[in-house]
Amino acid sequence: MAKLYYTPKEVAEILDISDDAVLDLVNRRTLPALRVSPRITRIPIAAFDLWREGYTPRRRRVSIRPAPRKVVGGEHETLPAPRRMVRA
Amino acid sequence: MTLASASDLLTYLADLIETLERYAVTLLPPSDADEVGLEQEPDGSLVIDLEGRLPTPRSSKDVDLLLFERWREVDQDAWLCVEYRYELRHHELHYRLALHRHDEAHFVRHFGVATHEHCEVTMGVETCGHYVGEPVIDAFDAFDRLYGAWLSDQKPDCSVLQCLG
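Line by line, the protein sequences are chains R and G.
Residue 53 in the numbering used here is what sits at position 53 of the first sequence, and the numbering runs on without skipping anything.
Residue 1109 in the numbering used here is what sits at position 109 of the second sequence, and the numbering runs on without skipping anything.
Dropping the structure here:
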């Protein structure tokens, strides 16, 4: 099994701070973590690495816009390009 | 049931994307763009449709995360989530987990519940078509559950779920 998360204790050792300080970072939602139960907290390694690098996701501009039309085709099926209908 | 204004939904989607990226999820186009759409379908409903990849070692196969919600306007600028599909497809361990609420009338009529789950220990092989599903609060709740399942790096134990049929 791959190791995908740290425990708060492991993070405390890496950052050289106390376990409580790690939990405080988690509680303040500064450090990305997952509460598995009231007593179990897991800190995803990939998210922890990003956090340590100082990564901050860019805030997206979000707007309401028409949904793109989705044409469903079969596997390996290529649909012809749309063209104007010619009336007789 | 949560009612939201259109403005609330825009903030919700922006917050959701931010959270996914904080947790090292790589969003796939078009959600990785600077401007993201809350898509309005021809029937007027608003749709959130995000797809991302969870962080995996280079040698591993992908782990896909799909988050889909449909919101319908039930009153003046009051939107209700009427459908959701949240999924984790783990191509390395080859399992699928899904938390669904759709075709509510059909599911209530046949199974007496509106929400259900899919759990495939081997992706594509269903031991049971639909399992009883604990209702999901919102996409953040779904993300917590699916991300938590991925983080355990084990196949799910579908036998603990109650089969609906």
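Note that the Cβ used here is the ideal one computed from N, Cα and C, for glycine as well.
Beta-carbon spacing of residue i, residue j below 8 angstroms
i       : j       : result
G/H1090 : G/V1063 : yes
G/C1095 : G/P1055 : It is Tyr, not Cys, that sits at residue 1095 of chain G in the sequence shown. No, the pair does not count as a contact, with Cβ atoms beyond the cut-off.
G/Y1023 : R/A47   : yes
G/H1106 : G/E1083 : no
G/E1021 : G/L1027 : yes
G/T1002 : G/C1081 : yes
G/V1132 : G/L1161 : yes
G/L1158 : G/V1113 : Before going further, note that residue 1158 of chain G is Cys rather than Leu in the sequence given. Contact flag unset, no.
Residue i: first and last residue of the uninterrupted alpha helix (DSSP H) it sits in
i       : result
G/T1019 : A1006 to R1022
G/D1153 : Unbroken run through G/D1153: none, as it is neither H nor E.
R/P8    : P8 to L15
R/L25   : D19 to N27
Residue i versus residue j - alpha carbon distance
i       : j       : result
G/L1097 : G/L1151 : 13 angstroms
G/D1008 : G/W1079 : 9 angstroms
R/R58   : G/F1068 : 22 angstroms
G/E1092 : R/S63   : 35 angstroms
G/G1052 : R/L34   : 18 angstroms
R/V26   : R/I17   : 13 angstroms
G/L1146 : G/L1099 : 9 angstroms
G/C1128 : G/A1149 : 19 angstroms
G/V1025 : R/M85   : 44 angstroms
R/D20   : R/Y55   : 23 angstroms
G/L1050 : G/L1038 : 10 angstroms
R/K3    : G/V1074 : 46 angstroms
G/L1046 : G/S1005 : 11 angstroms
R/E77   : R/R83   : 18 angstroms
G/E1134 : R/P32   : 25 angstroms
R/L23   : R/I14   : 14 angstroms
G/P1057 : G/D1032 : 21 angstroms
G/F1143 : G/H1130 : 20 angstroms
R/R69   : G/E1104 : 24 angstroms
G/Q1154 : G/S1060 : 14 angstroms
R/R74   : R/T30   : Checking the sequence, you will find Gly at residue 74 of chain R rather than Arg. Cα-Cα distance, rounded: 46 angstroms.
Residue i, buried or exposed, once every other Cβ within 10 Å from all chains shown has been counted against 16
i       : result
R/R60   : buried
G/C1163 : exposed
G/H1110 : exposed
G/I1183 : Residue 1183 of chain G cannot be examined here, being either before or after the span of chain G that is shown, 1001 to 1165.
R/R65   : exposed
R/V11   : buried
R/R28   : exposed
The beta strand (DSSP E) enclosing residue i, as first and last residue numbers
i       : result
G/H1100 : Y1095 to R1101
G/E1104 : Careful: G/E1104 lies outside any beta strand (DSSP E), inside the alpha helix (DSSP H) at E1104 to F1111.
R/P44   : I40 to P44
G/V1074 : V1063 to D1075
G/V1036 : E1035 to Q1040
Taking one C-beta from the stretch 1138-1157 of chain G and one from the stretch 1007-1021 of chain G each time, how about it: are there three or more such pairs within less than 8 angstroms?
yes
Report yes or no: do three or more beta-carbon pairs, one from the stretch 3-12 of chain R and one from the stretch 36-49 of chain R, lie closer than 8 angstroms?
yes
Should the stretch 1108-1124 of chain G be called in touch with the stretch 1040-1047 of chain G, which here means at least 3 C-beta pairs below 8 angstroms? no
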